[in-house]
Amino acid sequence: SSGTIGNISVESAFADAIDLDFSEVQIGKVNANLAGNDCLDVSGGIYTFSEALLSDCGDKGISVGESSKMAGKKAMINTAFIGVSSKDYSLLEVEELAVENVGICLEAIQKKEEFGGATISIATENCESDQITQGKNSTIVLGGDLIEFSN
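For any residue, its number in this note's numbering is found by taking its place in the sequence shown, counting from 1, and adding 12.
Here is the structure:
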C-alpha cells in the first residue's frame, strides 16, 4: 500500500505501537508513547516522516528492517532499550536525532542470514560513542563523516 498520513498517535500499545510493512508511506508527525515493543517499526518499504516523538518504548524507538529506506527530519526518543536500529540491507537517514534514557543509541547490523549489513546516516545527534553498535558490513555516518566502530 502507499499513501500519506498527516499525524499518527498511539498511546499504550501492547506490542509495536506503529508497524508498517511493505508500503510506501509519508508521515507528517508521529507520536508513540508506552509501547510494549517498538514505537515505530517498518520493513520492506520506503518511509518518510517530518517529526517523530517517541517515548517509553519497550525495545526500539525506531526499527528499520528488511531492505527498507526511511528518511526523517527530526526524531526525539525518550526511554528505549535501543534508540534507532537499521538492519538487513536497510537505510535510515535522520537530519536531527535527540535521545534520552537509552541503552544503545544507534545500531546498524545484519540480523537475518539472508540479508546483509545496514546503514545509518544522522546529520546531528547526541549519542555517546559507547552507545553505538556497528555490525559487520554495516555503515554509520554521523555529521557527514563515515565512522568506524569496533563493536
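In this text, a Cβ means the ideal position worked out from N, Cα and C, and glycines have one as well.
What do you get for Ser150, buried or exposed, if any count of 16 or more other CB atoms within 10 angstroms of its CB means buried? By 1-based counting over the sequence shown, the position of residue 150 is 138. Counting Cβ neighbours within 10 Å, Ser150 comes out buried, since at least 16 surround it.
Determine the contact status of Val111 and Cys139, defining contact as a CB-CB distance below 8 Å. What you label residue 111 is simply residue 99 of the sequence shown in a count that begins at 1. What you label residue 139 is simply residue 127 of the sequence shown in a count that begins at 1. Yes, these two residues count as a Cβ contact at 8 Å.
So is Thr136 in contact with chain B if we call contact Cβ pairs under 8 Å? Any reference to chain B falls outside this structure, which holds one protein chain only.
Considering Asn43, what are the terminal residues of the beta strand (DSSP E) in which it resides? Working through the sequence shown from its first residue, we reach residue 43 at position 31. 36-47 is the extent of the beta strand (DSSP E) around Asn43.
Straight-line CA distance for Ala135 to Leu154? The sequence position of residue 135 within the sequence shown is 123, counting from 1. The sequence position of residue 154 within the sequence shown is 142, counting from 1. Rounded to the nearest angstrom, the two C-alpha atoms are 6 Å apart.
Could you tell me the boundaries of the beta strand (DSSP E) in which Gln146 lies? As a working note, residue 146 is residue 134 in the sequence shown. Gln146 -> beta strand (DSSP E) spans 144-146.
Under 8 Å, do Ser62 and Lys85 count as touching if we go by C-beta distance? Here residue 62 is taken as the residue at index 50 of the sequence shown, counted from 1. Here residue 85 is taken as the residue at index 73 of the sequence shown, counted from 1. A contact, by the Cβ cut-off of 8 Å.
Hey, how far is the Cα of Phe95 from the Cα of Gly70? For the purposes of this step, residue 95 is identified with residue 83 of the sequence shown, where counting begins at 1. For the purposes of this step, residue 70 is identified with residue 58 of the sequence shown, where counting begins at 1. The sequence shown places Gly at residue 95, rather than the Phe named in the question. In a straight line, the C-alpha of Gly95 is about 11 Å away from that of Gly70.
Which residue comes first and which comes last in the beta strand (DSSP E) that contains Cys117? Within the sequence shown, residue 117 is the residue found at index 105, counting from 1. Cys117 -> beta strand (DSSP E) spans 103-121.
Can you tell which of Phe34, Gly156, Ile30, Asn49 has its C-alpha closest to the C-alpha of Lys41? For the purposes of this step, residue 41 is taken as residue 29 along the sequence shown, with counting starting at 1. It is Ile30.
Identity of the residues DSSP links to Lys86 by a beta bridge: Taking the sequence shown and counting its residues from 1, one reaches residue 86 at position 74. Partner(s): Glu63, Glu108.
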